[in-house]
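Just so you know, the protein sequences line up as chains A and B, in that order.
The first sequence maps to residues 1 to 327 in the working numbering.
The second sequence maps to residues 1 to 320 in the working numbering.
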Amino acid sequence: MILLEVKDLRTYFETEDGLVKAVDGVSFQLQHGETLGIVGESGSGKSVTNLSIIRLIQEPPGKIVSGEVILKGQDILLLPPHAVRKIRGRRIAMIFQDPMTSLNPFMKISRQLMEMTQLHLGHTRSQAYEHAVKMLETVGIPDARTRANSYPHEFSGGMRQRVMIAMALSCEPELLIADEPTTALDVTIQAQILELIRKLKQETGTSVILITHDLGVVAGMTDRVIVMYAGKIFEQAKTKELFARPGNPYTKGLLRSVPDPTDEQGKLYQIPGLPPDVAHLKPGCPFAERCERVEEICRREFPPFVELTPDHHSLCHFANEVYAESN
Amino acid sequence: MQTEPEIQTESGEGEFIRGTSLWRDAWRRLLKNKLAVFGLIVVIFITLASITGPAIIKRTFGFTPDYIPTSEPALVKSFPPFRGPNGEFSWKHPMGTDNAGRDQLARILQGGQISLFVGIIATIVSLIIGVSYGAISGYAGGRIDNLMMRIVDVLYSLPYVILVIVLLAMFRSQTPRGQLILLFVALGSVSWLTMARIVRGQVLSLKNQEFVLAARATGVSAPRIIFRHLVPNTLGPVIVYATLTIPQIMLTEAFLSFLGLGVQAPLASWGSLAADGIQNIAIFPWQLIFPGVTMALTLFSLNFLGDGLRDALDPQMRTI
Numbered sequence: 001m002i003l004l005e006v007k008d009l010r011t012y013f014e015t016e017d018g019l020v021k022a023v024d025g026v027s028f029q030l031q032h033g034e035t036l037g038i039v040g041e042s043g044s045g046k047s048v049t050n051l052s053i054i055r056l057i058q059e060p061p062g063k064i065v066s067g068e069v070i071l072k073g074q075d076i077l078l079l080p081p082h083a084v085r086k087i088r089g090r091r092i093a094m095i096f097q098d099p100m101t102s103l104n105p106f107m108k109i110s111r112q113l114m115e116m117t118q119l120h121l122g123h124t125r126s127q128a129y130e131h132a133v134k135m136l137e138t139v140g141i142p143d144a145r146t147r148a149n150s151y152p153h154e155f156s157g158g159m160r161q162r163v164m165i166a167m168a169l170s171c172e173p174e175l176l177i178a179d180e181p182t183t184a185l186d187v188t189i190q191a192q193i194l195e196l197i198r199k200l201k202q203e204t205g206t207s208v209i210l211i212t213h214d215l216g217v218v219a220g221m222t223d224r225v226i227v228m229y230a231g232k233i234f235e236q237a238k239t240k241e242l243f244a245r246p247g248n249p250y251t252k253g254l255l256r257s258v259p260d261p262t263d264e265q266g267k268l269y270q271i272p273g274l275p276p277d278v279a280h281l282k283p284g285c286p287f288a289e290r291c292e293r294v295e296e297i298c299r300r301e302f303p304p305f306v307e308l309t310p311d312h313h314s315l316c317h318f319a320n321e322v323y324a325e326s327n
Numbered sequence: 001m002q003t004e005p006e007i008q009t010e011s012g013e014g015e016f017i018r019g020t021s022l023w024r025d026a027w028r029r030l031l032k033n034k035l036a037v038f039g040l041i042v043v044i045f046i047t048l049a050s051i052t053g054p055a056i057i058k059r060t061f062g063f064t065p066d067y068i069p070t071s072e073p074a075l076v077k078s079f080p081p082f083r084g085p086n087g088e089f090s091w092k093h094p095m096g097t098d099n100a101g102r103d104q105l106a107r108i109l110q111g112g113q114i115s116l117f118v119g120i121i122a123t124i125v126s127l128i129i130g131v132s133y134g135a136i137s138g139y140a141g142g143r144i145d146n147l148m149m150r151i152v153d154v155l156y157s158l159p160y161v162i163l164v165i166v167l168l169a170m171f172r173s174q175t176p177r178g179q180l181i182l183l184f185v186a187l188g189s190v191s192w193l194t195m196a197r198i199v200r201g202q203v204l205s206l207k208n209q210e211f212v213l214a215a216r217a218t219g220v221s222a223p224r225i226i227f228r229h230l231v232p233n234t235l236g237p238v239i240v241y242a243t244l245t246i247p248q249i250m251l252t253e254a255f256l257s258f259l260g261l262g263v264q265a266p267l268a269s270w271g272s273l274a275a276d277g278i279q280n281i282a283i284f285p286w287q288l289i290f291p292g293v294t295m296a297l298t299l300f301s302l303n304f305l306g307d308g309l310r311d312a313l314d315p316q317m318r319t320i
């Protein structure tokens with residue numbers, strides 16, 4: 001069953017430098033209970049896509065120009081603001097990148113957790129408090145009842161991210177959007193947090209959108225992957241398929257840039273050049289300047305979104321060839 | 001303030017290490033600052049003395065601040081407290097009397113009540129209006145922010161002393177109490193401008209932090225984000241500025257009273273006492289000296305306290 005369907009989403013930002021098409025025609029579907037990974041370099045539009053889904057784009061300068069975001073048959077983009085507020089946190093919850101700054105330093109942990117359930121589930125203070133303690137226990141905070149009355153600065157980064165997860169899941173949302181949840185944490189904590197998300201996802205059946213630029217995380221956590229570049233979806237496939245048979249030169253480049261611990265290579269591959277300035281995109285393929293197999297047509301014409309298999313799409317003039325080669 | 005639900009600590013020893021909160025930390029730093037502690041003590045002392053003083057004098061000597069003796073001879077001839085009828089030593093009027101024979105100490109203490117009251121009320125007004133106005137403006141941003149801040153700019157650019165004088169002169173009230181209320185309105189209406197600017201600046205930088213985005217992402221409404229999440233985070237600078245606003249307002253009040261626009265007799269404020277005293281400065285200098293020194297001491301202390309609070313609440317600001 002489809003939980004969320006995003007159709008042709010376009011979010012533009014009006015800047016002094018011109019119109020920045022941060023998200024330009026993104027479409028995807030998310031099934032119930034599925035984990036979707038969104039990968040891409042910085043500035044590829046991953047975060048803006050997800051902020052657009054719950055309408056948290058700062059307006060101005062940003063604007064959702066067109067598109068539909070359908071959550072169980074209801075287009076979020078057409079709802080009035082107060083109705084969107086009822087969805088945020090209740091049906092779609094978010095976890096942010098930096099746990100050090102995503103908790104209010106002046107509020108006790110318990111109060112921040114209580115705010116959620118008091119707001120959305122109509123809990124009384126004592127109900128909300130008990131629920132907060134229970135959630136803290138669920139995410140593995142030892143001595144939760146005492147710790148609930150601490151302030152954020154008394155917690156370490158990993159603990160704060162656990163608190164964020166507790167907060168996000170306290171209303172049992174249908175969709176959890178995790179925006180680079182482990183980027184700011186060190187490796188051992190990363191593993192713990194990812195394991196926690198996976199465990200809670202299994203217990204609650206929540207769907208997850210996981211934004212990251214760590215391909216290892218994607219491989220281990222997700223069912224399906226979207227590769228974004230310059231505000232567009234470059235490739236979309238089942239995770240296993242994408243890693244085994246990428247159908248896009250950009251994805252190939254990304255996969256080659258992951259260090260392989262078993263292979264003692266001399267030098268780590270990197271995709272040449274820098275991501276393009278999305279305010280001034282040339283008419284052709286945005287990746288053309290950096291692509292290994294660029295041909296004349298790439299600079300001239302925008303590539304088609306090729307269907308390789310019903311479950312695997314790639315934005316490239318030579319998608320079929322790349323797909324065939326990578327087998 | 002809302003109270004937290006009952007919390008039992010279940011750790012075996014019945015004690016757990018309390019984290020050092022920001023306030024505790026700030027308090028400790030404040031206590032290390034000698035000038036600030038001095039200021040705090042003086043402010044507390046003068047406040048308590050002003051509140052209780054007139055009543056104590058009434059009990060001890062049996063006169064109120066506005067009591068004008070009719071039977072006693074004028075007691076203003078020599079420097080206090082040497083002021084028995086024949087110039088002998090007497091503690092009855094330790095700071096002398098004024099022209100009408102009212103006890104100076106009692107009047108200074110009563111004046112202190114009014115001066116402090118004016119300062120505190122006007123500061124509270126500036127807190128309520130200034131903080132809300134600044135926080136809303138900063139959070140709204142864009143065109144609304146622009147409009148709201150231009151209004152502040154316009155009010156700023158009005159010659160504020162003249163404005164207050166015109167206001168007080170136009171609505172000059174017949175009763176001293178009415179005049180006092182008018183003074184509150186006049187001072188309160190202009191005292192919030194700087195506070196609004198300070199809070200707006202704070203909110204502008206705070207609202208881009210991730211915890212605000214996180215609060216929005218959990219469906220918290222805008223007023224709640226402003227007043228529950230943002231305003232408490234601006235509290236440090238707000239407290240500091242409020243402490244520094246009190247002496248500023250008191251000084252303005254003294255200035256207006258000195259010009260005869262503020263508090264009217266038989267009520268007194270330090271400014272009006274000084275105004276009365278200056279008429280006799282050559283013959284009875286203490287009539288100016290005592291209210292003047294009291295006021296200066298209080299203002300100094302409040303400023304020391306404000307500076308100390310700033311250092312305590314914002315340790316990064318310190319040079320050492």
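For every residue, glycine included, the Cβ atom is placed at its ideal position computed from N, Cα and C.
Query: Three or more C-beta pairs below 8 Å linking the region 191-200 of chain A and the region 106-116 of chain A; Result: no
Query: Residues of its chain near residue 63 of chain A, where Cβ-Cβ distance is below 8 Å and the 5 sequence neighbours each way are ignored; Result: 11, 12, 13, 14 and 57
Query: Limits of the beta strand (DSSP E) - the one that residue 179 of chain A falls within; Result: 175-179
Query: Interface residues of the region 36-57 of chain A facing chain C [CB-CB below 7 Å]; Result: Structure shown: chain C not included; protein chains present are A and B.
Query: Reduced DSSP secondary structure (H/G/I, E/B, other) of residue 308 of chain A; Result: strand
Query: Coil, strand or helix - residue 72 of chain A by DSSP; Result: coil
Query: Members of the region 140-171 of chain B that neighbour chain A once the beta carbon cut-off is set at 7 Å; Result: 142
Query: Limits of the unbroken beta strand (DSSP E) element including residue 94 of chain A; Result: 92-95
Query: Cβ of residue 227 of chain B within 8 Å of any chain A Cβ; Result: no
Query: Close Cβ partners of residue 312 of chain B (< 6 Å) along its chain, the five nearest in sequence each way excluded; Result: 26, 29 and 30
Query: Interface flag, residue 169 of chain A vs chain B, CB-CB below 8 Å; Result: no
Query: Residue 243 of chain A: contacting residues in chain B (beta-carbon distance under 7 Å); Result: Simply none; closest approach about 31 Å.
Query: Residue 240 of chain B beta carbon less than 8 Å from that of residue 310 of chain B; Result: yes
Query: Chain A within 8 Å of residue 60 of chain B, Cβ atoms only; Result: no
Query: Residue span of the alpha helix (DSSP H) that contains residue 311 of chain B, given as start and end; Result: 286-313
Query: Proximal chain B residues relative to residue 102 of chain A, where beta-carbon distance stays under 8 Å; Result: 210, 211, 213 and 214
Query: Proximal residues to residue 116 of chain A (C-beta, below 7 Å), its chain only, five neighbours per side dropped; Result: 89, 167, 170 and 171
Query: Reduced DSSP category for residue 152 of chain B - H, G, I as helix; E, B as strand; rest coil; Result: helix
Query: Bridge partner(s) assigned by DSSP for residue 207 of chain A; Result: A:175
Query: C-alpha distance - residue 108 of chain B paired with residue 121 of chain B, whole-angstrom precision; Result: 19 Å
Query: Span of the beta strand (DSSP E), counted from its first residue to its last, around residue 139 of chain A; Result: It is not in any beta strand (DSSP E) - residue 139 of chain A carries neither H nor E in the DSSP assignment.
Query: CA-to-CA distance, residue 234 of chain B to residue 17 of chain B, given in whole angstroms; Result: Low confidence applies here, because residue 17 of chain B scores a pLDDT of 48, under 50, leaving its location unreliable and the question unanswered by this model.
Query: Rounded straight-line distance, which links the Cα of residue 103 of chain B to that of residue 76 of chain B; Result: Its pLDDT being 49, under 50, residue 76 of chain B is placed unreliably in this model, and the value from its coordinates should be taken loosely. Cα-Cα distance, rounded: 10 Å.
Query: Start and end residues, beta strand (DSSP E) containing residue 143 of chain A; Result: Neither: residue 143 of chain A is in no beta strand (DSSP E) and is coded neither H nor E.
Query: Interface residues of the region 110-129 of chain A facing chain B [CB-CB below 7 Å]; Result: 115, 116, 119, 120, 125, 126 and 129
Query: Burial state of residue 327 of chain A (16 or more Cβ within 10 Å); Result: exposed
Query: Closest residue to residue 190 of chain A among A:6, A:71, A:236 and A:98 (Cα-Cα distance); Result: A:98
Query: Contact set for residue 113 of chain B: own chain, Cβ-Cβ below 6 Å, skip 5 residues either direction; Result: 50
Query: Cβ contact (3+ pairs, closer than 8 Å) linking the region 38-47 of chain A and the region 211-221 of chain A; Result: yes
Query: DSSP state of residue 234 of chain A mapped onto helix, strand, coil; Result: strand
Query: DSSP-derived helix/strand/coil call for residue 57 of chain B; Result: helix
Query: Contact with chain A by residue 309 of chain B, beta-carbon distance below 8 Å; Result: no
Query: Continuous beta strand (DSSP E) stretch holding residue 25 of chain A: start and end; Result: 18-31
Query: C-beta neighbour in chain B for residue 88 of chain A, strict 8 Å; Result: yes
Query: Residues that residue 35 of chain A bridges to, as DSSP identifies them; Result: A:208
Query: From B:286, B:215, B:59 and B:224, residue whose alpha carbon lies closest to that of residue 101 of chain A; Result: B:215
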